[in-house]
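Each remark here refers to the structure printed beneath this line.
Residue numbers (UniProt numbering), protein chains in the order written: chain A, 1 to 107; chain B, 1 to 460.
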């Protein structure tokens with residue numbers, strides 16, 4: 001699997017460590033979650049409608065300007081993050097599928 | 001009585017000039033922006049630890065970008081700046097904001113909406129695949145993050161941004177597989193008199209095309225998109241278009257697609273601003289007078305009202321603020337204001353003619369959208385096909401956009417119709433064989449973007 005995004009410039013930044021579905025990855029300080037994840041993988045999540053529509057499947061974001069909401073990912077405790085507008089932070093634990101929701105995790 | 005409360009939504013070129021104008025009159029406007037740093041999408045800034053300078057980031061528009069950033073920074077202390085804050089509703093004279101799990105309603109005496117624009121996208125069979133991005137999104141990846149959206153990128157759409165973004169990718173060292181423009185070249189020649197309103201921008205366009213050709217990038221005009229190939233697991237693998245009667249295939253792992261931008265007009269809609277159909281660009285637009293007055297203490301500036309580009313946004317943002325100040329009885333020097341207003345209005349008129357030229361030269365490909373195959377997905381959010389939308393029109397008699405949305409769910413997903421609304425209207429109109437404007441207009445709904453259920457209200 002080739003990572004989706006390709007870094008072209010501004011690569012001289014300190015490393016930031018996070019995990020995606022339990023796998024450790026190194027991002028760069030100032031990356032959005034989207035860039036951190038797509039320079040190591042080729043998608044962010046799977047469409048909820050993939051099982052209903054044969055042409056639908058994994059998703060990797062679309063607008064990068066907080067408008068389309070295609071880039072939702074989750075923290076381990078169930079908080080939803082928009083990957084295109086969330087900066088990476090050291091020690092983040094990200095899930096590409098929605099953890100089972102409970103009212104406690106919404107409050 | 002305290003000073004009037006002026007709220008400005010957006011800190012792009014229009015919002016910054018509006019804020020400056022209001023602050024100059026001695027008021028302290030609240031400036032609410034969803035981004036972390038001011039500049040809007042066009043003059044979007046990378047995070048603070050990035051090192052490229054204005055010339056590298058904004059090219060020919062570097063001086064304008066720098067002026068916007070510096071002038072906004074100089075307003076510190078004179079404005080109540082609220083970055084990373086979403087306005088999710090406007091109702092009963094209040095703006096509703098959300099930030100960090102908290103929400104509040106803020107009353108205004110004048111509301112200046114400079115909400116900017118987002119990509120206008122035509123659906124193409126296969127566009128739900130991972131690796132398809134909006135054209136503006138592709139540019140943001142490079143500008144704000146120093147990345148390309150793929151290792152071999154195909155640019156598909158029409159308009160000046162298609163060539164600008166592709167040329168920026170080439171310059172940054174990305175592999176651009178092709179630039180595929182749905183507009184035939186002769187339309188540019190026809191639009192030349194209007195495009196000559198901004199000769200430097202016209203010249204830049206000519207240079208961009210030359211840069212692309214020099215780099216050996218195939219540039220095709222007058223194409224008809226057939227399919228974005230790929231698979232649901234691994235994403236995009238290429239694009240097929242029809243060009244001069246023949247089928248042409250380009251391999252690539254990413255597609256940047258867009259046909260100009262369109263106003264983010266949902267907040268104007270919630271603020272009860274009237275809309276009218278614009279026949280040239282085939283869309284409904286919020287209405288105001290020439291200075292941006294939209295009624296009920298609401299003023300519109302920038303591309304959020306009518307798309308005419310960043311330079312125009314600076315002009316219309318200032319005009320909207322001047323109109324608000326005048327209506328609040330705060331004109332400092334009527335004679336000076338009148339001169340300034342006259343000049344701004346003449347500048348605005350020039351940019352509007354230029355924008356009309358662009359719309360004629362690079363039209364929205366409505367006939368291609370209307371003819372999209374049944375199996376193509378129209379709504380990316382919920383993977384709804386053109387067949388389902390057409391069936392809702394034919395068998396459920398959903399003859400109007402909001403009704404078709406209720407039956408088919410096209411426009412009801414998480415983007416709330418931002419990326420399917422215009423296409424959906426074209427498909428409904430074609431299925432009914434009626435003019436586009438007879439299909440109505442998708443209403444804006446609060447919240448204009450998804451917000452958590454559990455927001456804590458902090459203004460009570």
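Yeah, the Cβ is synthetic: ideal placement off N, Cα and C, and Gly gets one too.
Owing to the predicted nature of the structure, the values given are computational and were not obtained by experimental measurement.
Helix, strand or coil, according to DSSP, for residue 26 of chain A in the structure here?
strand
Only counting the same chain, and skipping five residues up and downstream in sequence, which positions put a Cβ closer than 8 angstroms to that of residue 460 of chain B?
none
Below 8 angstroms on the Cβ atoms is my contact criterion, and I expect residue 37 of chain B with residue 83 of chain B to pass it. Report the Cβ-Cβ distance as a whole number of Å.
Confirmed, about 7 angstroms.
Output yes if chain B places a C-beta closer than 8 angstroms to the C-beta of residue 111 of chain A; else output no.
As shown, chain A starts at 1 and ends at 107. That puts residue 111 of chain A outside it, with no answer to give.
For a quick check, are the C-beta atoms of residue 461 of chain B and residue 145 of chain B less than 8 angstroms apart?
What the structure shows of chain B is the stretch from 1 to 460, and residue 461 of chain B is not part of that stretch, so it cannot be assessed.
State the DSSP-derived secondary structure class of residue 6 of chain B, mapped to helix, strand or coil.
strand
Taking the alpha carbon of residue 196 of chain B as the reference point, which residue from B:350, B:134, B:71 has its own alpha carbon closest?
B:350
Taking the CB atoms as reference points, tell me whether residue 71 of chain A and residue 78 of chain A lie closer together than 8 angstroms.
No, they are not a contact pair.
Thinking just about the alpha-carbon of each residue, which of B:40, B:218, B:232, B:7 is nearest to the one in residue 58 of chain A?
Shortest Cα-Cα distance from residue 58 of chain A to any of B:40, B:218, B:232, B:7 involves B:232.
Do you know offhand how far residue 337 of chain B's Cα is from residue 268 of chain B's?
26 angstroms
Could you tell me the distance, in whole angstroms, from the CA atom of residue 183 of chain B to the CA atom of residue 389 of chain B?
26 angstroms
Tell me whether the stretch 360-375 of chain B and the stretch 404-414 of chain B touch, counting them as touching only if at least three CB pairs, one residue from each stretch, are closer than 8 angstroms.
no
Report the three-state DSSP secondary structure of residue 351 of chain B (helix, strand or coil).
helix
Under 9 angstroms, CB to CB, which of the residues in the stretch 129-145 of chain B have a partner in chain A?
129, 130, 131, 132, 133, 134, 136, 137, 138, 139, 140, 141, 142, 144, 145
Work out the CA separation of residue 47 of chain A and residue 428 of chain B for me, nearest whole Å.
25 angstroms
Closer than 9 angstroms, Cβ to Cβ, to anything on chain A: give me those residues from the stretch 420-450 of chain B, in chain order.
Result list: 449, 450.
Alpha carbon to alpha carbon, how far is residue 102 of chain B from residue 453 of chain B?
11 angstroms
Where residue 185 of chain B and residue 162 of chain B are concerned, what is the direct C-alpha to C-alpha distance, given to the nearest angstrom?
Whole-angstrom Cα-Cα distance: 14 angstroms.
Give the straight-line distance between the Cα atoms of residue 18 of chain A and residue 69 of chain B, rounded to the nearest whole angstrom.
32 angstroms
Would residue 233 of chain B count as contacting chain A if we go by Cβ distances under 8 angstroms?
yes
Does any CB atom of chain B fall closer than 8 angstroms to the CB of residue 100 of chain A?
So no, residue 100 of chain A is outside the interface.
DSSP on residue 277 of chain B, reduced to helix/strand/coil?
strand
For a contact defined as C-beta to C-beta under 9 angstroms, what are the partners of residue 41 of chain B on chain A?
By Cβ distance, chain A contributes 65.
Which value, in whole angstroms, describes the spacing of the CA atoms of residue 172 of chain B and residue 133 of chain B?
Going by the C-alpha atoms only, they are around 18 angstroms apart.
Report the neighbours of residue 95 of chain A on chain B: residues whose CB is nearer than 7 angstroms to its CB, in chain order.
Those do not exist, as residue 95 of chain A stays about 17 angstroms from chain B at its closest Cβ, beyond 7 angstroms.
Tell me which residues of the stretch 391-418 of chain B have at least one Cβ-Cβ distance to chain A shorter than 7 angstroms, keeping chain order.
414, 415, 418
Would residue 23 of chain A pass as an interface residue toward chain B - the criterion being a Cβ-Cβ separation below 8 angstroms?
no
Is the CB of residue 47 of chain B under 8 angstroms away from at least one CB in chain A?
With respect to chain A, the C-beta atom of residue 47 of chain B has a partner C-beta closer than 8 angstroms.
Using CA coordinates, which residue listed in B:445, B:393, B:450, B:417 is at the minimum distance from residue 439 of chain B?
B:393
Let me check understanding here. Comparing Cα to Cα, which of B:447, B:397, B:430, B:379 lies closest to residue 421 of chain B?
B:379
Going by Cα to Cα distance, which pick from A:97, A:56, A:92, A:99 is closest to residue 32 of chain A?
Measuring from the Cα of residue 32 of chain A, the nearest candidate turns out to be A:92.
Where in the stretch 211-286 of chain B do unbroken runs of the beta strand (DSSP E), each at least 3 residues long, occur, reported from the N-terminal end onward?
219-221, 224-231, 235-243, 246-251, 254-259, 261-263, 275-278, 283-286
Can you tell me which residues form a DSSP beta bridge with residue 32 of chain B?
B:9, B:82
At a CB distance below 8 angstroms, what residues from the stretch 146-162 of chain B approach chain A? Give them in sequence order.
146, 147, 148, 149, 150, 151
What is the DSSP secondary structure of residue 107 of chain A, reduced to helix, strand or coil?
Low local confidence applies: a pLDDT of 48 at residue 107 of chain A is under 50, so the model's placement there is unreliable, with the coordinate-based value given in what follows. In the structure shown, residue 107 of chain A sits in coil (DSSP, three-state: anything other than H, G, I, E or B).
Is residue 455 of chain B helix, strand or coil when you go by DSSP?
DSSP places residue 455 of chain B outside both helix and strand once states are collapsed to three, so it counts as coil.
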